Amino acid sequence: MLVSALVVTIISPVNLVAQDGPSEAEEVPGVAKLNEALQLMSVRKDVGSNATAAELLLKESIKQNPDLARSRYNLAILYLRTNRDTDATTIVDELLTRDAKFADAHALRGVLLEKQNKTREAEAAFEIALSLDQTNAIAHNRLSAAALKSGDYSLAVKHARMALIDDPESLNAYHNLAVAYYERGMFDLARLICLNAIGIDPTDAAIHNVLGLTLLKLDEVRDALREFNEALVQNPNYIPALLNAGALTLSYSDFEKSFAYFDKVIALEPDHLEALLSRAVSLRGLERFDEARAAYESILSKRPEEITAQYNLCILFNEYINDYKLALEHCGKLEQTLPNDHPKKSEMKQRVSGIKTTLEALDGG
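The C-terminal residue of the sequence shown carries number 380 in the working numbering, and the numbering is unbroken.
Spelled out as structure tokens, the structure:
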């Protein structure tokens, strides 16, 4: 039975937190409004309903003191955190026009370019930030994430550690460190990193997800599922945790729970192939065979070459519905489609041969 693979989030989410910066007297124009805004932006997980109020306070701060760079900087962060990338770009450009050596502004520009898939331009912006500030946390975190994606885990660790010099409570840095150690098979160390991060902020879904994956590698299955579910408490729509919880419960034949996890993913992303395939396996486990068949056929109507759906439809007809003519049709088609070096080729040959023998016996009876 083909089931979901567990999901490691490689590129950490942009998790920018309002920056306090050096303390300034409340009497300085704009500082009082800035500090009020920072209080509203202090929640790491989601600015939520505070976004509008924080924006108004930051704009008032800028109006009172156009030279107070921290107000513009935090306004750019606010826009980034609320997916207003065009507005964030405008503010970053204003910051760099006023001070071309503002390292954090260059780093934010890199984040914005990265979100536009302009990888080279983003890396150049991060390098400028690091030339101005060797420990810049934003730049090091994004370069660490890029190193994770390319499989250079030593470089990922190096950048994450540098980020922690600049910001000892950077959850992005902890996340990247944990993933790097996980990928290197250093599971005890990955767990320690996750626990340290949770001590800083217990509400970060990505950290709980990585901890869950790590605990699985340490054969602590119940605790792993607890961490995936804790990630979902913090962010009910966090797809990596939904997929991992679904894959884990499916592997233990808890079909009702696995169905619920995968169904939630599909509600969020209707074309998510892995979730569609895995939900169909859950339906099969629940003996909802007609729905499972419909699910596989729906996938194949959009992706006729999808081998996993073809394989599972073959299994459904052969082993569960016991419709041997349809089983022969689908299994035979898959056998002809698979290249000789495919790991399922031999199985399909044997299965087709067995189905033919069964049909001959039934016809003879």
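Even glycine gets a Cβ: it sits at the ideal position worked out from N, Cα and C.
On a predicted model such as this, the values are computed, not experimentally measured, just so you know.
Considered as a whole, the region 232 to 320 harbours 236 to 249, 254 to 266, 270 to 283, 288 to 300, 304 to 317 as its complete alpha helix (DSSP H) runs of no fewer than 4 residues, in chain order. In this structure, the straight-line span from the alpha carbon of Glu271 to that of Asn333 is close to 23 Å. Taking C-alpha positions only, Pro319 is separated from Tyr94 by approximately 42 Å. Taking C-alpha positions only, Val172 is separated from Asp181 by approximately 15 Å.
Going by C-alpha positions, Ser297 is about 20 Å away from Ala239. Of the other Cβ atoms in all chains shown, fewer than 16 fall within 10 Å of the Cβ of Tyr267; this residue is therefore exposed. Sixteen is the threshold: when 16 or more other Cβ atoms of the shown chains lie within 10 Å of the Cβ of Ala290, as they do, the residue is buried.
Just so you know, the alpha carbons of Ala120 and Ala144 end up roughly 8 Å apart. Note on the region 158 to 190: whole alpha helix (DSSP H) runs with a minimum of 4 residues are 168 to 181, in chain order.
For Asp338, the three-state secondary structure derived from DSSP is coil.
Comparing alpha-carbon positions, the option among Asn80, Leu49, Pro81, Leu128 lying closest to Ala68 turns out to be Leu49. In the three-state reduction of the DSSP assignment, Asn80 falls in the coil class, being assigned neither a helical nor a strand state. In the same chain as Leu147, and ignoring 5 residues on each side of it, the C-beta atoms closer than 6 Å to its own belong to Lys116, Ala118, in chain order. Judged by DSSP secondary structure, Met56 falls outside any alpha helix (DSSP H); it is assigned neither H nor E.
Sequence-distant Cβ neighbours of Leu170 in its own chain, meaning closer than 6 Å and more than five residues away, are Ala162. In the three-state scheme derived from DSSP, where H, G and I count as helix and E and B as strand, Asn132 is classed as coil. The C-beta distance from Val225 to Ala178 rounds to 16 Å, too long to fall under 8 Å, and the pair is not in contact.
For Gln149, no alpha helix (DSSP H) run applies, since DSSP gives it neither H nor E.
The DSSP-derived three-state label of Gly200 is coil. Taking C-beta atoms as the reference points, Asp278 and Arg294 count as a pair closer than 7 Å.
If you look at Gly369, you'll find it in the alpha helix (DSSP H) that goes 360 to 379.
In this model, Leu71 and Arg299 are separated by some 53 Å (Cα to Cα).
Non-local C-beta neighbours of Ile314 in its own chain, meaning closer than 8 Å and more than five positions away in sequence, comprise Leu288, Leu291, Leu292, Ala295, Glu321, Ala324, ordered along the chain. Under the three-state reduction of DSSP output, Lys116 falls in the coil class, being neither helix nor strand.
Distances from the alpha-carbon of Gly125 to those of Arg308, Ala140, Leu111 put Ala140 closest. With contacts defined as CB atoms closer than 7 Å, Arg199 and Tyr168 qualify as a contacting pair.
In the three-state scheme derived from DSSP, where H, G and I count as helix and E and B as strand, His357 is classed as coil. At the C-beta level, Gly45 and Leu73 stay beyond 7 Å of one another. Put simply, the backbone Cα of Phe243 is about 26 Å away from that of Ser64.
Per DSSP, Leu331 lies in no alpha helix (DSSP H) and is assigned neither H nor E. Shown here, Arg206 sits in a helix according to DSSP, grouped into three states. The C-beta of Thr104 has 16 or more other C-beta atoms within 10 Å across all chains shown, which makes the residue buried. Shortest Cα-Cα distance from Glu245 to any of Ile222, Thr229, Ala91 involves Ile222. Annotated as proximal: Ala152 and Ser185, with beta-carbon spacing under 7 Å.
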